[in-house]
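What follows is a set of notes on a single structure, which appears directly below.
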Amino acid sequence: MTVRVVSYNILVPIYADRREIYSRYRSEFLKADYRWNLIRSQLEQEVHRHENTIICLQELSLTLLPALGLVFRQWNYTLFHHLYGGRHNDCMGIGIAIPTSMKRNSLSIMRIGDFIHSISKPREKQVNLLTSECDMQEQQHDTPDPWESAMARINALICIQVTISNKSIYIGTYHMPCLYKEPGMMLIHSAIVKDLMFHLTGGQDFILAGDFNFDPTDICYKALTEKNYDGYQIPGSSTYEISYRHNAE
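Here the sequence shown is numbered in UniProt numbering, starting from 1 and rising by one per residue.
The following block contains the structure:
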């Protein structure tokens, strides 16, 4: 028996209803009620037209979560979710929905920033009173420390283990921070998400789905998907001592 995994970014309503960005569309098409009907219809097709479908979702929101939970229960599905955003983005988060017929063996939810914090130690700085003022002025013009930026992100990884036809498989989902101007930060998250999946699964088969905000030509994509890929170097940190070495596999 096969398992099917689909992934959707359903866009937080507060981000969808922005006429200044989606000016080509009629305003009623951007409203949460109209979009919810389309989202529900699409998910219902995935559930009813295909067996053993697992659904990964990005940009869940406090607004749509109750309705999503209700329809998934009606479809004999269980939704596991984690909302990590704030009021400004309607508590944006991610989730994985699985059929109730599937046995859930384990569930892990990890915030990547928290993991980075656990492997980081602030560097000890030696202050020279004669040069401290000059150093402070230079720091104001420095580029952001990618590890500090990566640590500040609260995006989470969900990993779930299910059994189907006496076979176990892990499914993970993640939503990469949309920070194109900080490629070092995105590379750090890519490497760590990959390594965490290998750690959580103990080397067993897994599928990682989500919205990663990069394309197949990017280094982040290759770092995340290619086995034994070593064509990149994780950026260093001027602020922290990092106890991390990425796994090329």
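Think of the CB as a built atom: it goes at the ideal place given N, C-alpha and C, for glycine as much as any other residue. Owing to the predicted nature of the structure, the values given are computational and were not obtained by experimental measurement.
According to DSSP, residues forming a beta bridge with residue i
i	result
Gly210	Tyr174
Ser168	Thr163
Arg4	Thr53
Leu157	Met110, Tyr174
Ala97	Ile55, Leu79
C-alpha distance - residue i paired with residue j, whole-angstrom precision
i	j	result
Ile109	Leu65	18 Å
Gly203	Thr2	20 Å
Ile216	Asn37	The sequence shown places Pro at residue 216, not Ile. Going from the Cα of Pro216 to the Cα of Asn37 covers about 32 Å.
His117	His81	23 Å
Gly236	His189	14 Å
Ala156	Lys125	31 Å
Thr239	Pro122	6 Å
Thr163	Met102	6 Å
Phe206	Glu44	25 Å
Ser165	Arg104	13 Å
Tyr244	Trp147	11 Å
Leu68	Glu241	42 Å
Ile42	Lys222	First, the amino acid is wrong: residue 42 is Gln here, not Ile. Their backbone Cα atoms lie some 30 Å apart in a straight line.
Ser61	Ala97	15 Å
Continuous alpha helix (DSSP H) stretch holding residue i: start and end
i	result
Gln74	65 to 74
Lys222	219 to 225
Glu28	Premise fails: Glu28 is in no alpha helix (DSSP H) and is neither H nor E.
Ile10	Neither: Ile10 is in no alpha helix (DSSP H) and is coded neither H nor E.
Delimiting residues of the beta strand (DSSP E) encompassing residue i
i	result
Leu79	77 to 83
Met110	103 to 111
Pro122	120 to 122
* Asked: Using 8 Å as the threshold, is the segment 165 to 172 in touch with the segment 192 to 201, meaning 3 or more CB pairs across them?
  -> Contact holds: three or more Cβ-Cβ distances are below 8 Å.
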